[in-house]
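Structure, as structure tokens:
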Amino acid sequence: MDGFLAWLFGLVALVIPGFGATEAPGYNGYVEARYVYAASSTAGPIETISVREGDLVLTGDLLFRLRSEQQIALLSAAEARVAAAEAGLKNLTTGSRADELDVIQASLQKAQADMNLAKDSATRSEKLFKEGLVPQSKLDQDRASLASAEAAVRQLEAQLKVAELPARSEQQVQAEANLAAAHADAEKANADLADRTITAPAAGRIERVLFDAGEIVAAGTPVVSILPEGALKVKFYVPETARAGLALGDQLAVNCDGCPDGLTAKVSFFASDPQFTPPVIYSRDERQRLSYLVEATLEGVSLHPGQPVTVERRQ
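Numbering (full-length UniProt numbering), first residue to last: 1 to 315.
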């Protein structure tokens, strides 16, 4: 009788694959990368790209630079305003000239005319931009010119108001405020220029260069992706019965086709809620049951993102 049952069990195992087999200790998963993306905080055409895919970079290495003619011009103008403000403050110590008010009024009239022209240009660019006839950079340039012209008018209006005051102390206070504002404008212009030069936010390997020199990129659009060292992890799914047997920090053995022996990963994340095993995990036995996502950081290896692997707890 026992022999017949053994024969029957063997026959069923041949006809129905997997019948009577014990559950494999490993879990199917895949490699995923945590990329670091380098982008500019401002829009504009790319002037130069200093890296190629596969290059190794350190934190702070130059990646790419945007064209900066407008920012250089704005910085020069801001530095000129600083020099003018310093000269104006110094002039207060020697007394005012008789024609000072006439000069300021003439300058104010010219600045107001420049502002009106800049306002017309900005309005025209906004209309043409909405119609798709001018690029964003042209609209940004005209808006910046308008803002600069308005600032010049405000500054001259303030100078005229102070010049009409009888008290020298109040003139000096205003001149000091103008100088402080000019320094602030220069610092901002210098920062805007620096923002056109993008350096590596982390050390690692250049994975992708997504644009070429000459192309226009929007603010915040990634141009270069970096794969930092230690940024590879394995994602896999375990049933509820196996989840309790794993803990953060557990070491797992990692196996894959063509990989060397001894690969390991350390458990770094558990999902709180169960889910159906996604189709990317190629297992007919697993896809219909609820499971928990587990992530494990690969240790000292260089596998490829998307590469299928099998993991099991090290004994």
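Quick reminder that beta carbons are idealized off the backbone N, C-alpha and C, glycines included. If you're wondering where the values come from, they're calculated on a predicted model, not measured in any experiment.
- Rounded to the nearest whole angstrom, the CA to CA distance from Q155 to G214 is 38 Å.
- For T199, the beta-bridge partners assigned by DSSP are L62.
- For the pair of segments examined, the region 222-231 was found not to touch the region 248-256: the number of CB pairs separated by less than 8 Å stays below three.
- By a beta-carbon distance limit of 8 Å, L246 contacts R313. Their separation comes to about 7 Å.
- Annotation: the region 227-268 contains the following complete segments of the beta strand (DSSP E) (minimum length 3 residues), in chain order: 232-238 and 251-255.
- If you draw a straight line from the Cα of L248 to the Cα of A203, it comes to about 26 Å.
- Per DSSP, T42 lies in no beta strand (DSSP E) and is assigned neither H nor E.
- A distance below 8 Å between beta-carbons, with the five flanking residues on each side excluded, links E157 to the following residues of its chain, in chain order: L108.
- With fewer than 16 other CB atoms across the displayed protein chains lying within 10 angstroms of its CB, S76 is exposed.
- Fewer than three beta-carbon pairs drawn from the region 77-94 and the region 122-139 are found closer than 8 Å, and the two stretches are therefore not classed as touching.
- T221: not part of any alpha helix (DSSP H); DSSP gives it neither H nor E.
- Listed in chain order, the non-local C-beta contacts of A271 below 6 Å within the same chain comprise Y292 and L293, local neighbours out to five positions each way being set aside.
- By the Cβ rule, the region 66-76 counts as touching the region 140-151, because three or more pairs are nearer than 8 Å.
- Judged by DSSP in its simplified three-state form, V51 adopts coil rather than helix or strand.
- Distance from the CA of A189 to the CA of A80, rounded to the nearest whole angstrom, comes to 12 Å.
- Contact check between the region 195-211 and the region 49-66: three or more CB pairs, one atom from each, fall below 8 Å, which counts as touching.
- Just measuring C-alpha positions, the residue of K130, L62, G26 and A33 sitting nearest A39 is L62.
- Residue state for F211 is assigned as coil, using DSSP reduced to three classes.
- Residue pairing for A33: DSSP places it in a beta bridge opposite L232.
- Bounds of the beta strand (DSSP E) holding L290 are L290 to L298.
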